[in-house]
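Student: Shown below is the structure under consideration.
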Amino acid sequence: MGFASTAQGTLSPVGWAEIEGFARNLSEFCKLHVTPDHVLTAVMEAGEIRLHWHAGRAGVRLSAQNDEGLQNLRDTLGYLLEVASEGLAAGLSWQEGPSEGQPPPNFRQARVLRSDRISPGFQRIRLAADALDFMARTGLHLRLLQPRDPAQPQWPRLAANGRTVWPGAGQLHMPVYTIRAIDAAAGWLEVDIFLHGKGPTCAWARDARPGDVVGLTGPGGGWLPDGASLCLGGDETALPVLARILETLPASVTGEVVIELGDMADRQALRAPPGINLHWLRRGRDLPLRRAFVETVGRMRGVSPGVGVVFGGEKSDAQTIRASLKEDAKGQGQTTVAAYWTASA
5 MGFASTAQGT
15 LSPVGWAEIE
25 GFARNLSEFC
35 KLHVTPDHVL
45 TAVMEAGEIR
55 LHWHAGRAGV
65 RLSAQNDEGL
75 QNLRDTLGYL
85 LEVASEGLAA
95 GLSWQEGPSE
105 GQPPPNFRQA
115 RVLRSDRISP
125 GFQRIRLAAD
135 ALDFMARTGL
145 HLRLLQPRDP
155 AQPQWPRLAA
165 NGRTVWPGAG
175 QLHMPVYTIR
185 AIDAAAGWLE
195 VDIFLHGKGP
205 TCAWARDARP
215 GDVVGLTGPG
225 GGWLPDGASL
235 CLGGDETALP
245 VLARILETLP
255 ASVTGEVVIE
265 LGDMADRQAL
275 RAPPGINLHW
285 LRRGRDLPLR
295 RAFVETVGRM
305 RGVSPGVGVV
315 FGGEKSDAQT
325 IRASLKEDAK
335 GQGQTTVAAY
345 WTASA
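Mapped onto our numbering, the consecutive letters of the sequence shown carry residue numbers 5 to 349.
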């Protein structure tokens, strides 16, 4: 893969044991290679991180498709360094790039263009912003930054070590949502919000009006799942990402999709490759989602090992599915299971 943007920097002081701790954390998210001469290379959807450690100092090279992708890598690097050893990221410095106090390159201020109730449970918000090309690939999700005071919003800024610094507690509500659709040339993207409660984002979505201001950062959350055969599933909270994946997949991909809804009026007409079968479940009437999904994956992998899996939904469902699939993970395809919400006790 070729990269159009790079950043060079140093991390000092740092011990090799701290680099090893960082590497263990990083290996949970991406492909990682460490050589005997202390060179660490990590390849992920957003780009590449390379560290070369010697005598208490590490040279750092980041590579990405664009400057916005470089910022995602800076933030990933800084966060995982802090997880490995508190205060470690303070030793990062960069040869060039955006200056301290500036907005992060992957931040955009956006305004609402339109807001539509597309079904009883979903509100679709179209947002306009400049230079959205970087949001079109490498990640399916973004952070929707809702300021406490829209008239005087406080947005993120860059620290001296290149990391994003967020404003004080309560200044921004920052949930993660799927980029449901995007037309970078026309300068807009859309998010579908499931109106499942009384939280701040649901309230904002119900009341959103043209001209309302929000912030965007991203993209994140990975890109399309690998594999010629896939099993996808989830509840209402996963419907936007499942829809985006299905309409973006190559036409040759085959598979099964299992989606559970509480109200079948929220069912959507999804565009998918011809070899993919859609199964809609009614919550409380049909087979429970976790059972239906695990059984579907089992049938598919019994016939064709290597089937890729993507699931998103309630935390207990995700935990059950993750544990079930982990028992028989050897030799199987990529598996991504995410918890999007937690049921109240």
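Glycine included, each C-beta is placed from N, C-alpha and C at the ideal position.
Smallest Cα separation from Gly279: which of Val261, Leu293, Arg271 and His200?
Tutor: Locating residue 279 in the sequence shown gives position 275, counting from the first residue. Measuring from the Cα of Gly279, the nearest candidate turns out to be Val261.
Student: Rounded to whole angstroms, what's the CA-CA distance from Glu251 to Ala59? Just pull it up for me.
Tutor: Taking the sequence shown and counting its residues from 1, the one referred to as residue 251 is at position 247. Taking the sequence shown and counting its residues from 1, the one referred to as residue 59 is at position 55. Roughly 50 Å separates the two Cα atoms.
Student: Alpha carbon to alpha carbon, what distance is there between Ile183 and Asn281?
Tutor: By 1-based counting over the sequence shown, the position of residue 281 is 277. By 1-based counting over the sequence shown, the position of residue 183 is 179. Going by the C-alpha atoms only, they are around 23 Å apart.
Student: State the beta-bridge partners of Asp120 as determined by DSSP.
Tutor: Locating residue 120 in the sequence shown gives position 116, counting from the first residue. According to DSSP, Asp120 bridges with Arg128.
Student: Comparing C-alpha positions only, which one of Thr258, Pro254, Leu243 and Thr340 sits nearest to Met268?
Tutor: Position 264 of the sequence shown, counted from the first residue, corresponds to residue 268. Measuring from the Cα of Met268, the nearest candidate turns out to be Leu243.
Student: With distances taken between CB atoms, is the gap from Pro223 to Val116 smaller than 8 Å?
Tutor: Reading the sequence shown from its first residue, position 219 is the one you call residue 223. Reading the sequence shown from its first residue, position 112 is the one you call residue 116. It is not a contact, given that the beta carbons lie outside the stated cut-off.
Student: Could you pull out every unbroken beta strand (DSSP E) segment of at least 3 residues lying fully inside the region 295 to 340, listed in chain order?
Tutor: Those beta strand (DSSP E) runs which fall completely within the region 295 to 340 and span 3+ residues are 312 to 318.
Student: Let's see if you can read the secondary structure: which residues bound the beta strand (DSSP E) around Asp79?
Tutor: Looking up residue 79 in the sequence shown gives position 75. No beta strand (DSSP E) contains Asp79, which is instead part of the alpha helix (DSSP H) from Asp71 to Ala88.
Student: Can you give me the Cβ contacts of Ala343 inside the same chain, cut-off strictly under 6 Å, excluding the 5 residues immediately before and after it?
Tutor: Numbered from 1 along the sequence shown, position 339 holds the residue referred to as residue 343. The residues are Lys319 and Ala322.
Student: Would you mind sorting Ala349 into buried or exposed? The rule is 16 or more other CB atoms within 10 Å of its CB.
Tutor: Looking up residue 349 in the sequence shown gives position 345. Interpretation of Ala349 is limited by its pLDDT of 47, a score under 50 that renders its predicted location unreliable; no figure is taken from the coordinates.
Student: Indicate the three-state DSSP secondary structure (helix, strand or coil) for Met48 in the structure shown.
Tutor: Translated into positions along the sequence shown, residue 48 becomes position 44. Three-state DSSP puts Met48 in a strand.
Student: Okay, do the region 40 to 56 and the region 95 to 108 touch, 3+ Cβ pairs below 8 Å being the bar?
Tutor: With a cut-off of 8 Å, the region 95 to 108 and the region 40 to 56 do not count as touching, because too few Cβ pairs lie within range.
Student: Leaving out the 5 sequence neighbours to the left and right, which residues in its chain are closer than 7 Å to Trp192 when beta-carbon positions are compared?
Tutor: For the purposes of this step, residue 192 is taken as the residue at position 188 of the sequence shown. Correct list, in chain order: Leu117, Arg130, Leu131 and Ala132.
Student: Of the choices Leu176, Gly312 and Leu74, whose alpha-carbon is the least far from that of Thr340?
Tutor: Along the sequence shown, read from residue 1 onward, the residue named residue 340 stands at position 336. Closest by alpha carbon: Gly312.
Student: Can you tell me which of Gln338, Gly317, Gly174 and Trp159 puts its alpha carbon nearest to the alpha carbon of Gln106?
Tutor: Taking the sequence shown and counting its residues from 1, one reaches residue 106 at position 102. Of Gln338, Gly317, Gly174 and Trp159, the residue nearest in Cα terms is Trp159.
Student: Please say whether Glu104 and Leu162 have beta carbons closer to each other than 8 Å?
Tutor: Position 158 of the sequence shown, counted from the first residue, corresponds to residue 162. Position 100 of the sequence shown, counted from the first residue, corresponds to residue 104. Their beta carbons are under 8 Å apart, which means Leu162 touches Glu104 by this criterion.
Student: Rounded to the nearest angstrom, what separates Ala11 and Leu66 at their Cα positions?
Tutor: Taking the sequence shown and counting its residues from 1, the one referred to as residue 11 is at position 7. Taking the sequence shown and counting its residues from 1, the one referred to as residue 66 is at position 62. Those two C-alpha atoms are separated by around 5 Å.
Student: Looking at Phe138: is its Cβ nearer than 8 Å to the Cβ of Asn110?
Tutor: Against the sequence shown, residue 138 aligns to sequence position 134. Against the sequence shown, residue 110 aligns to sequence position 106. Against a cut-off of 8 Å, the Cβ pair of Asn110 and Phe138 comes out as a contact.
Student: Got a sec, what are the start and stop residues for the alpha helix (DSSP H) Gly25 sits in?
Tutor: What you label residue 25 is simply residue 21 of the sequence shown in a count that begins at 1. Counting along the chain, the alpha helix (DSSP H) containing Gly25 begins and ends at Trp20 to Leu30.
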